[in-house]
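For reference, the structure is listed below as structure tokens.
Chains as they are written, first to last, in this note's numbering: chain A, 15 to 357; chain B, 1175 to 1509.
Printed below as a string of structure tokens:
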């Protein structure tokens, strides 16, 4: 009896497994059938992958993506990891492959890891674009480049010069002295200063280790070391509110200007209080919008390697540099427009 | 004693039958509403995605049978993944040697857990909570959190990404491990001693079971299996990073408990664990293919766990209630 029951359980399991593997149905493409075909256009299924699902930055990207998909009449699937498992993005992409989507648009958490899955998608005839954070070049056709280091450096320095009327001393708060993107942004800030604003002087560069508290204490030290300081420029998002808090507590609101790269939401309060003048980033919704337009055009053959420009709906023309589609100049959030953005 | 054991046994069987029915229902449901769910390609993907967690769950089953727990398996997977990368890239070892060394490290790490639990008699929950942080911390320290190992040879990536004889290559490792653990737990005296220890470690000791050695064995095995899972994980993703396998210990424990193994030890089975792993994996894939939001997978896993446990306990509770009622009636009739 004992043997019998155990064997029965094992047999059931085996039957289950063979049953599962036996279901060998041919895969159907997802978009055929009840699609909106009256207009004569083919409805595409575009899968949109953020780095993480609840993140406000990606939520606003996804809003732009959805708007584009509605305009194009495409079906948009948005899914992303909700837990910190780095394999999750791969699993999502692999599920989309068997699901039979037409295009995958991904922001990549683990460049090398996800490229494995994206290459597999390409091998199955699925088009792949990336946005925000690129995959390896052979794993996608185009990358939506939201900002070049030069674009960011120029925008930061131009805004600093505008606020200081091209004259005076400023200091830089950086995320780290060694991180690649931080180094690149700082060097373009300096290049722009040397070329266009020779009357401005950078007193110091301090690292805040991407900590708000440290940005605050470094700024406090800078304010007392350099009494003629006119502006603090942060090349890291946590630097901006940190520096703002230091300026506010030192009673130098307005006298010392504060700008930097950052997200609108974490700076709104300081911008309205007049402590922070400008926050620079790109319009995330536009990034999502451009991504879906490019995904659609790529699948329909309207976007090809070698194109020099690309037209994305109501946003108009974008420059294409090699296999990068450039979102264009960074956007400046200030007192007048910051409340229009929520990320 | 004999009747008691028999009672447990029927409950156990019922639980697995229920779970199998749940699994079949899941399959039929998602096949009906999901797009391309029941295809062969997707079945292979489900297998591929559940291999690492499945391996960890297999190793976790004997541990939980002895009344223990191992929270460090996910962290150890991360540590082994980056050490495998180090051995291969920085030490210049060929892949098979690097894999062998990694498994050695896994055994050592499991040995650390084992010696603290079996010989120092520290509670497994606390010990493995410590090594959970220790192993992940080591992985992050070695790579400074940023170093990523990649560009592995295609012959190695085959293990994680290709099919051999029509089934995913890593599934063969998984099947071999499943057979090994099934035989260990259900066909050897080791398995019986795990259950005995789970019911009562002191009783087992008096019965002449070398409790320390048996307990040490299951933790060392878990270390070895974590290392094997790390190698498969690296082959599947084509990269090894310090955050590999984050949270896998909880998925593994969920699968084991869903499979009917009592968290207090003494009761459980390997085939139950396999069904638990399958039920969770099918749920995850099904939700993606039905275009439902991914968060639902976590939610439904919770519901599944509660339903399956309630479902297996309900018949026993009802029969207990009936017995109590009958017991109450008897004095009435006599009075």
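C-beta: ideal position from N, C-alpha, C; glycine also.
Item, Value
"Collapsed DSSP secondary structure at residue 1262 of chain B in the structure displayed", "helix"
"Cβ-Cβ distance between residue 1222 of chain B and residue 1334 of chain B below 9 Å", "yes"
"N- and C-terminal bounds of the beta strand (DSSP E) containing residue 292 of chain A", "292–295"
"Beta-carbon neighbours of residue 1407 of chain B, restricted to chain A and to distances below 8 Å", "101"
"Bridge partners - residue 62 of chain A, DSSP secondary structure assignment", "A:92, A:119"
"Complete runs of the alpha helix (DSSP H) confined to the region 264–336 of chain A [at least 4 residues]", "278–287, 298–314"
"N-terminal and C-terminal residue of the beta strand (DSSP E) that residue 339 of chain A is part of", "338–340"
"Proximity test, residue 1240 of chain B beta-carbon vs the ligand ZN heavy atom, cut-off 8 Å", "This structure simply doesn't include the ligand ZN, nor any ligand for that matter."
"Cutoff 7 Å; reference residue 102 of chain A; Cβ partners in own chain excluding five residues on either side", "95"
"Distance between residue 1436 of chain B and residue 1427 of chain B (C-alpha atoms, nearest Å)", "11 Å"
"Inter-residue Cα distance where the pair is residue 122 of chain A and residue 1349 of chain B", "32 Å"
"Beta-carbon neighbours of residue 1318 of chain B, restricted to chain A and to distances below 8 Å", "Within 8 Å Cβ-Cβ: nothing; residue 1318 of chain B doesn't reach chain A, min ~11 Å."
"Nearest-angstrom Cβ-Cβ length linking residue 1256 of chain B and residue 1415 of chain B, presumed shorter than 8 Å", "7 Å"
"C-alpha gap between residue 1499 of chain B and residue 1484 of chain B, whole angstroms", "21 Å"
"For residue 341 of chain A and residue 161 of chain A, the rounded distance between their alpha carbons", "7 Å"
"Cβ-Cβ distance between residue 180 of chain A and residue 214 of chain A below 9 Å", "yes"
"Proximity winner among B:1241, B:1232, B:1196, relative to residue 1378 of chain B (alpha-carbon distances)", "B:1241"
"9 Å Cβ cutoff, residue 1459 of chain B in contact with chain A", "yes"
"Reduced DSSP secondary structure (H/G/I, E/B, other) of residue 1499 of chain B", "helix"
"Proximity to residue 1323 of chain B [Cα-Cα], best of B:1429, B:1282, B:1501, B:1409", "B:1409"
"Secondary structure of residue 248 of chain A, DSSP reduced to three states", "strand"
"Simplified DSSP assignment, three categories, for residue 1385 of chain B", "helix"
"Terminal residues of the beta strand (DSSP E) in which residue 346 of chain A lies", "345–348"
"Touch test, the region 176–196 of chain A against the region 215–235 of chain A, Cβ-Cβ under 8 Å, three pairs minimum", "yes"
"Environment of residue 1391 of chain B [buried if 16+ CB atoms lie within 10 Å]", "buried"
"9 Å Cβ cutoff met for residue 1411 of chain B and residue 1418 of chain B", "yes"
"Same chain, Cβ closer than 7 Å to residue 297 of chain A, five either side skipped, listed in chain order", "345"
"Start and end residues, beta strand (DSSP E) containing residue 216 of chain A", "214–221"
"Three-state class that DSSP yields for residue 1296 of chain B in the structure shown", "coil"
"Neighbour list for residue 1219 of chain B in chain A, Cβ cutoff strictly below 9 Å", "105, 108, 109, 111, 112"
"Cβ-based burial, residue 1295 of chain B [other Cβ within 10 Å; buried from 16]", "exposed"
"Under the three-state DSSP convention, the category residue 183 of chain A falls into", "strand"
"Reduced DSSP secondary structure (H/G/I, E/B, other) of residue 1342 of chain B", "strand"
"Stretch pair the region 313–332 of chain A + the region 253–262 of chain A: three plus CB contacts closer than 8 Å", "no"
"Separation of residue 1196 of chain B from residue 1459 of chain B, as counted between CA atoms", "15 Å"
"Whole-number beta carbon distance between residue 299 of chain A and residue 74 of chain A, since they are thought to touch under 8 Å", "5 Å"
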